[in-house]
Amino acid sequence: MYLLLIAGIIAVLMGLALVFAGIRQGMDHISSEENFTETEGYVIDIKSRLTACTIHYIPVIAREYSAVIQFRTDGGEDVTASMPFIMKSSPAFADYRASLENGVPLPVKYDPEDPQNCFCGDNRGFRVRETVYRIIAAVPVLLIGYALIWWHFNI
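Put into structure tokens, the structure is as follows:
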């Protein structure tokens, strides 16, 4: 008799746990990146790959690019790291290309304990977007829970 109510409450609690975990993880990533050390790096190569993606809701096969960045840590260690793949229309690609062709240095932030954990520019927007995606993923679970609770009281 109370199976729908119990299942609905469990689903709502799971959805809320997903929301809070996503917010907490995003805030932890942002706060840990404040401890990163900043230095200058140079793009030494740009790798490319073909991928299927959607542009303005139209599925296309496009080329993505990943910059290989080399920088020196405060300890004097030379580190070579690959950045995530991005589209050619991205503003970051223009910076990568200018660094490769003209030798323009890029600001690189890296974790002093693990220099391979690094990024160029400001990563805060990426972390906020990552948190929003986690919240969006929790919405169906919350809706299922609310629907089960509603169904229990209206049947």
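Residue numbers for the sequence shown follow numbering that gives the first Met the number 0, beginning at 0 and rising by one.
Quick reminder that beta carbons are idealized off the backbone N, C-alpha and C, glycines included.
These figures come from a predicted structure and were not determined experimentally.
Length at least 3, wholly inside the segment 65 to 133: the beta strand (DSSP E) runs in chain order: Runs found: 77 to 81, 105 to 109 and 117 to 119.
For the beta strand (DSSP E) that contains residue 154, what are its first and last residues? Here residue 154 belongs to no beta strand (DSSP E), and DSSP marks it neither H nor E.
On the premise that residue 66 lies in contact with residue 103, defined as a C-beta separation below 8 Å, what is that separation, rounded to the nearest angstrom? Contact annotation, residue 103 with residue 66: C-beta distance approximately 12 Å; criterion of less than 8 Å not satisfied.
In whole angstroms, what separates the C-alpha of residue 154 from that of residue 147? Straight-line Cα distance between these residues: approximately 11 Å.
Boundaries (first-last residue) of the alpha helix (DSSP H) holding residue 32: Counting along the chain, the alpha helix (DSSP H) containing residue 32 begins and ends at 2 to 32.
Under the three-state reduction of DSSP, which class applies to residue 41: helix, strand or coil? Note: residue 41 maps to strand in three-state DSSP.
Leaving out the 5 sequence neighbours to the left and right, which residues in its chain are closer than 6 Å to residue 119 when beta-carbon positions are compared? Cβ neighbours of residue 119 beyond the five flanking positions: 105 and 107.
Report buried or exposed for residue 60, applying the criterion of at least 16 other Cβ atoms within 10 angstroms of its Cβ. Exposed, because fewer than 16 other Cβ atoms sit within 10 Å of the Cβ of residue 60.
Per the contact definition of three or more C-beta pairs closer than 8 Å, is the segment 43 to 53 in contact with the segment 5 to 14? Touching, no.
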